[in-house]
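Visitor: Attaching a single structure in structure tokens format; questions to follow.
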Amino acid sequence: MATAPTVAPNRSTQVVRKHYPNYKVIVLNDDFNTFEHVSKCLTKYIPGMTSDLAWELTNQIHFEGQAIVWTGPQEQAELYHQQLRREGLTMAPLEAA
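End of the sequence shown sits at 82 in the working numbering; the numbers just go up one at a time, nothing left out.
Here's what the structure looks like:
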């Protein structure tokens, strides 16, 4: 009597990569920062921010109460959040995107 050879099950070598979540930097409207100050801060601290986009976001902050001004990795988000807060802008807590 011949026996069938034993076959070991295939091991999965597939690696599942999980990406770190992005975080949103959100500026809130307030009654003491001027449009010009908010716009200048966004241009100064947010990479790639143009003056036109900063002005659009400043208007959104004023008329809608808040705007997401940057989204990306947590460490950078913490830096931009801290820099904007230090300039006196009213910031929402960082939240995962």
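We put the CB at the ideal spot given by N, CA and C, even for glycine.
Return helix, strand or coil for Ala52, following the three-state DSSP convention.
Guide: If DSSP states are grouped into helix, strand and coil, Ala52 belongs with the strands.
Visitor: Within the continuous beta strand (DSSP E) that includes Leu83, where are the two ends?
Guide: There is simply no residue 83 to check, as the chain begins at -14 and stops at 82 in what is shown.
Visitor: Does DSSP classify Glu80 as helix, strand or coil?
Guide: Strand at Glu80.
Visitor: Please classify Thr75: does DSSP put it in a helix, a strand, or coil?
Guide: Three-state DSSP puts Thr75 in a strand.
Visitor: Can you check whether the CB of Ala52 is closer than 8 Å to the CB of Gln45?
Guide: Contact: yes.
Visitor: Spatial neighbours of Val10 within its chain, please: C-beta separation below 6 Å, excluding the five flanking residues on both sides.
Guide: Around Val10: Val54, Trp55, Ala62, Tyr65, His66.
Visitor: Using the Cβ count rule (16 or more neighbours within 10 Å means buried), how would you classify Val0?
Guide: Val0 should be labelled exposed.
Visitor: Could you spell out where the alpha helix (DSSP H) holding Val23 opens and where it closes?
Guide: Unbroken alpha helix (DSSP H) run through Val23: 20 to 30.
Visitor: Across which residues does DSSP place Gly57 in a beta bridge pair?
Guide: DSSP, once it has assigned bridges, lists Tyr8 as partnering Gly57.
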